[in-house]
Amino acid sequence: TVDEAPASLGRAMRAAFKPEDVVRLLVFGPPQRILDKVWPATLLAVLDHEWIVVVAAEELQPEVSRCDFVDTLLVEMTIILLYGRLRLEFAAGVGTRSVMMQFNTVMENLYQEAVGILLNGEDGVSPFAGHDSDNSYAALGTLPLKFQNAIIRYVLPGKRVLRLVHWPAVLGREWRIFRRELAPEGVLVLTDCQMILISEEKARPWYKLENGRKYGYIVTYYPLARVNAMQLSEHGPLNTINLDLRARGFG
15 TVDEAPASLG
25 RAMRAAFKPE
35 DVVRLLVFGP
45 PQRILDKVWP
55 ATLLAVLDHE
65 WIVVVAAEEL
75 QPEVSRCDFV
85 DTLLVEMTII
95 LLYGRLRLEF
105 AAGVGTRSVM
115 MQFNTVMENL
125 YQEAVGILLN
135 GEDGVSPFAG
145 HDSDNSYAAL
155 GTLPLKFQNA
165 IIRYVLPGKR
175 VLRLVHWPAV
185 LGREWRIFRR
195 ELAPEGVLVL
205 TDCQMILISE
215 EKARPWYKLE
225 NGRKYGYIVT
235 YYPLARVNAM
245 QLSEHGPLNT
255 INLDLRARGF
265 G
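When you line the sequence shown up against the working numbering, it's residues 15 to 265, in that order.
Have a look at this one:
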């Protein structure tokens, strides 16, 4: 319950509630120390059609964000070893904002449950919903095991996989044993309700060692109901997909 959260977060969350709100899920994330940085505690409440996030702030009032499911533009889950992060990007006025929650991966299932409630609450019907697909799960065996497991875990239950596109890491010019990584390995998954990008984390240094190991991935959900336009463009050895995302009531 809210009463079990730290006092400042609990007070801010109670103040954000409306009398008619029904809480479906409440998740408290304690402060996380990652290398030399300490990330603040957070409290996430998932309601019937909205979510609320309270982020603690030292010597200041906690920051409160509240958004309708249908005004959420994208949902990004990062999992690297014991480190996890959930980022929600949403429409706010005429612009966009984002809020982040850091967590230990022992709590991943709770945050993934929150993601499922949010995405299943999106409005609109995909234009592909009536498409007769052979179900691209049949192509799963052609992917690296890491991406097979990620698709099985992060595609929401009940969603149909229509297409899969996998690409290796895109590397630049070779210099001795080093090769600059331009884009990490990834797979794009099209379901009847979302476009899901699953990629490795990008190499931190400007170079990538041959056979360099990576231990996590970033999963980004783009609800098809929020995709207003899409454009493919070329940049040297890279092709990029540019998405125009619109909240309900815009455009």
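Ideal Cβ placement from N, Cα and C applies to all residues, glycine included.
Which one or two residues does DSSP pair with Thr-156 in a beta bridge? According to DSSP, which records beta bridges pairwise, Thr-156 is partnered with nothing at all.
Within the same chain, show all residues whose beta-carbon is closer than 7 Å to that of Val-113, passing over the 5 residues directly before and after it, in chain order. Same-chain partners within the cutoff: Val-67, Val-69, Ser-79, Leu-102.
Helix, strand or coil for Leu-132 per DSSP? helix
Would the beta-carbon of Val-175 fall within 8 Å of that of Leu-252? no
Between Glu-248, Phe-42, Pro-158, Cys-207, which has its C-alpha nearest Ala-128's C-alpha? Nearest C-alpha to Ala-128: Phe-42.
Among the residues of its own chain, which have a CB less than 6 Å from the CB of Leu-281, if the five just before and after it don't count? Because the chain spans 15 through 265 in this model, residue 281 falls outside it and cannot be assessed.
Go through the region 89-135 residue by residue and report every complete run of the beta strand (DSSP E) that reaches 3 residues or more, in order. 97-106, 109-118
Coil, strand or helix - Gly-24 by DSSP: helix
Determine which residues share a DSSP beta bridge with Val-52 and list them. Arg-47
I'd like the span of the beta strand (DSSP E) that includes Tyr-235, first residue to last. 230-237
In or out: Ile-48 buried (at least 16 other Cβ within 10 Å) or exposed? exposed
Contacting residues, own chain, Cβ-Cβ under 6 Å from Gly-250 (five flanking each side not counted): none
Apart from the five residues just before and just after Thr-119, which ones in its own chain have a Cβ nearer than 8 Å to its Cβ? Ile-93, Leu-95, Leu-96, Tyr-97, Gly-98
Can you tell me whether DSSP reads Asp-258 as helix, strand or coil? Three-state DSSP puts Asp-258 in a strand.
For Ser-140 and Lys-173, what's the separation of their Cα atoms in angstroms? Caution is warranted here: a pLDDT of 43 is assigned to Ser-140, below 50, making its placement in the model unreliable, and no coordinate value can be reported.
Please list, in chain order, all residues of the same chain as Tyr-229 whose beta carbon is under 7 Å from its beta carbon, the five residues on each side excluded. Ile-94, Leu-95
How big is the Cα-Cα spacing for Pro-54 and Glu-122? 17 Å
Three-state secondary structure (DSSP) of Arg-206: A small correction: the amino acid at residue 206 is Asp; Arg does not occupy that position in the sequence shown. DSSP places Asp-206 in coil when its eight states are reduced to three.
Among residues of its own chain, excluding the 5 on either side of Glu-214, which ones have a beta-carbon nearer than 6 Å to its beta-carbon? Cβ within range, chain order: Pro-198, Glu-199, Lys-228, Tyr-231.
Closest to Asn-134 by CA distance: which of Lys-32, Phe-161, Asp-206 is it? Asp-206
Same chain only: Cβ atoms within 8 Å of Lys-216, ignoring 5 sequence neighbours per side: Glu-195, Ala-197, Pro-198
Three-way DSSP call (helix, strand, coil) for Arg-38 in this model: coil
Am I right that Val-169 and Val-203 are in contact with their C-beta atoms under 8 Å? What's the rounded C-beta distance? 6 Å
Could you tell me the distance, in whole angstroms, from the CA atom of Trp-220 to the CA atom of Asn-242? Residue confidence is low: Trp-220 scores 48 on pLDDT, short of 50, so the model does not pin down where it sits. Its coordinate-derived value is still stated next. In a straight line, the C-alpha of Trp-220 is about 34 Å away from that of Asn-242.
Under 7 Å Cβ to Cβ from Phe-161, same chain only, skipping five residues before and after it: list those, please. So the qualifying residues of the chain are His-180, Val-201, Ile-212.
Express the C-alpha separation of Arg-38 and Asp-62 in angstroms, rounding to a whole number. 7 Å
Cβ-based burial, Glu-73 [other Cβ within 10 Å; buried from 16]: By the 10 Å Cβ count, Glu-73 comes out exposed.
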